[in-house]
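Colleague: In terms of the working numbering, the sequence shown is residues 15 to 231.
Yeah, the Cβ is synthetic: ideal placement off N, Cα and C, and Gly gets one too.
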Amino acid sequence: MSSQRQEVDSAAVTLAALMSDFSLEVQECVANSLINGVHAKKKNHLLGLPAELRNAIYGYALVKQEPVKVYARTTQQPALLQVSRQMRDEASSIYYQDNEFELVVMDYNGAAFAPFYSIIKRREYKVTQAVSSHRPDWKNLVAWMSAAYHDRAWGVEQNVAGGCAYPTMPRDYLAAAAIFTAQFRVMMHLPWAQVETIIQAMRPVLILLDWRWELDD
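(1) Which value, in whole angstroms, describes the spacing of the CA atoms of Val186 and Trp152?
(2) At 4 residues or longer, and completely inside the stretch 46 to 117: list those alpha helix (DSSP H) runs for me, N to C.
(3) In chain order, what residues of the same chain lie with their CB nearer than 7 Å to the CB of Met201, ignoring the 5 residues before and after it?
(4) So, helix, strand or coil for Val156, using DSSP?
(5) Regarding Ala162 and the ligand COA, is the C-beta to nearest heavy atom distance less than 7 Å?
(6) Does the distance from the C-beta atom of Leu76 to that of Ala105 stay below 8 Å?
(7) Measure the C-alpha to C-alpha separation of Trp225 and Ser132 and round it to an integer number of angstroms.
(8) Is the CB-CB distance between Leu223 and Ala192 below 8 Å?
(9) Between Arg217, Gln214, Ile221, Ala162, which has its C-alpha nearest Arg199's C-alpha?
(10) Are the CB atoms of Met216 and Phe194 nearer to each other than 8 Å?
(11) Have a look at Gln100, Thr89, Gln96, Tyr109 and flag the residue whose alpha-carbon is nearest the alpha-carbon of Lys78.
(12) Within 10 angstroms of the Cβ of Leu60, are there 16 or more other Cβ atoms? Answer buried if so, exposed if not.
(13) Specify the secondary structure class of Gly177 as computed by DSSP and reduced to three states.
(14) If we ignore side chains and look at the alpha-carbon of each, how far apart do Pro92 and Val170 end up?
(15) With distances taken from CA atoms, which of Val141, Gly124, Leu63 is nearest Ala157?
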């Protein structure tokens with residue numbers, strides 16, 4: 015093993031040991047301090063460090079122990095991914111593949127996650143859906159089904175972790191999930207106009223479960 019490689023490994027181990035006893039907030043602060051100081055001295059520029067050490071720093075700055083909550087229409091990325099193109103290219107896979115993301119779905123607004131879906135869909139990722147509000151909204155549901163049909167968003171029942179769980183969900187939410195399932199398993203080969211007609215014919219089932227599905231605004 016070369017002397018430089020030994021120094022790199024030693025530095026990475028020392029960094030990990032020093033930071034392991036601190037909270038996630040402190041770890042992120044330290045990592046960001048290193049990142050924010052990249053212009054202090056050219057020879058200490060983060061991008062000038064060996065790849066192993068850069069990846070260790072990226073991991074401390076970007077990977078969370080708890081799921082990262084994602085809200086509607088967000089494309090916001092960590093500041094680290096906005097520093098430079100090279101840094102984004104190197105660190106994006108760590109951020110998107112090593113974290114678990116939780117979509118905060120409200121009132122069936124799944125189509126609103128299209129911006130985030132466009133960023134992450136070609137990567138290996140872990141995404142679950144947390145329904146914080148399930149007030150019936152027919153327009154939102156149809157828009158969500160359209161987005162999923164056109165590969166612009168996840169469906170209700172879709173996630174890489176092995177299928178959504180529906181603890182304590184109301185019957186109409188489960189019915190909506192069943193409609194989604196039918197769409198993906200039976201109707202995906204049909205034109206969207208025909209799929210939408212079939213979905214509209216299923217609306218009375220939801221109305222029987224909750225009268226608010228009849229509302230159009």
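Modeller: This is what the structure gives:
(1) Here residue 186 is Asp; the residue named in the question, Val, does not match the sequence. Asp186 and Trp152: Cα-Cα distance of roughly 12 Å.
(2) 65 to 76, 99 to 112
(3) Val209, Ile212
(4) helix
(5) This structure lacks the ligand COA, and indeed carries no ligand of any kind.
(6) yes
(7) 34 Å
(8) no
(9) Ala162
(10) no
(11) Tyr109
(12) buried
(13) Per-residue confidence for Gly177 stands at a pLDDT of 43, beneath the threshold of 50, marking its modelled position as unreliable; no derived number is given.
(14) 27 Å
(15) Gly124
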